[in-house]
Amino acid sequence: MLNQDNKTDALINSAINNGSAYATNAVQNWLQQFGTARVNLGLDNDLSLESASLDILLPLYDDKKHNLLFTQLGGRRDDDRNIINAGVGYRYFADHWMWGVNAFYDQQISSVTHQRLGFGGELGWDYFKLSANAYQRLSGWKDSKDHTDYEERVANGYDVRAEGYLPAYPQLGAQLIWEQYYGDDVALFGDSDDDRQRDPYALTAGVNYTPVPLFFRWLKSKNGERQS
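For the working numbering, add 332 to where a residue sits in the sequence shown, where the first one is 1.
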């Protein structure tokens, strides 16, 4: 009976994952008509939207050779918090590599309103990209809607991301993310009393498989520790 239940759960999870991947690519494909889009949708076992992210890059100036000035608009949902962001950036393209800089503004629009400012840079080659971002809060302490007699604010921090594909097999890619945030009781791994940590950091590894165009699957694992 236990094995049968496990098989049923595996089939349900597989169906949900495939459904999420199909919906993700359908939305991303439709948005590509306006600019460069990146979409991720995650469903829970009740088919509710557990997590989501949507970013679209719209060119402001593009000389079709070396220079691109753009604006990026986006939104995301994670841990029952909805966040919107807007930013501007510049990219320079050489023959086989590129570099870019950007600045962006984030605002939480659910529960308590928080704001932060971010700055980033990137380097890219044909099959590899390296980027880094720093985050600085703009809003101060505010009463939490999720915890009684508790105040919250945005944590300052940074992240470094590396992602690439195999030149001989571009359908297979990988991603590494290092991130650290500063403060007491930072909710990097969750918002419960046991999950919040001081100056936590984490390393996330993921594998991206694209068997056919516009259909992909991410497998990710996240590990980290707190500072004593």
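For glycine and all other residues, C-beta sits at the position ideal for the given N, C-alpha and C. Fair warning: this is a prediction, and the values are worked out from it, not measured in the lab.
A residue is called buried when at least 16 other Cβ atoms come within 10 angstroms of its Cβ; Leu386 meets this threshold and is buried. A direct Cα-Cα distance of roughly 31 Å separates Gly419 from Asp527. According to DSSP, residue pairing for Lys461 in a beta bridge involves Gly456 and Glu495. Here the stretch 516-530 makes no contact with the stretch 493-503; the two share fewer than three CB pairs at distances below 8 Å.
Using a C-beta cut-off of 8 Å, the stretch 451-458 makes no contact with the stretch 471-484, since fewer than three inter-stretch Cβ pairs fall below that distance.
When DSSP reads this structure, Trp510 sits in a beta bridge with Val492 and Leu535.
Arg448 has Asp438 and Arg469 as its beta-bridge partners, per DSSP. Across the set Ser442, Asp411, Lys396 and Asp412, the C-alpha of Lys396 shows the shortest separation from the C-alpha of Ala426. Check the Cα spacing between Phe402 and each of Val433, Tyr513, Tyr533 and Thr356: the tightest is with Val433. Proximity to Asp438 across Gly489, Tyr424, Asn465 and Asn417 peaks at Asn417, based on C-alpha coordinates.
The three-state secondary structure of Tyr393, taken from DSSP, is strand. For Gln404, the three-state secondary structure derived from DSSP is strand.
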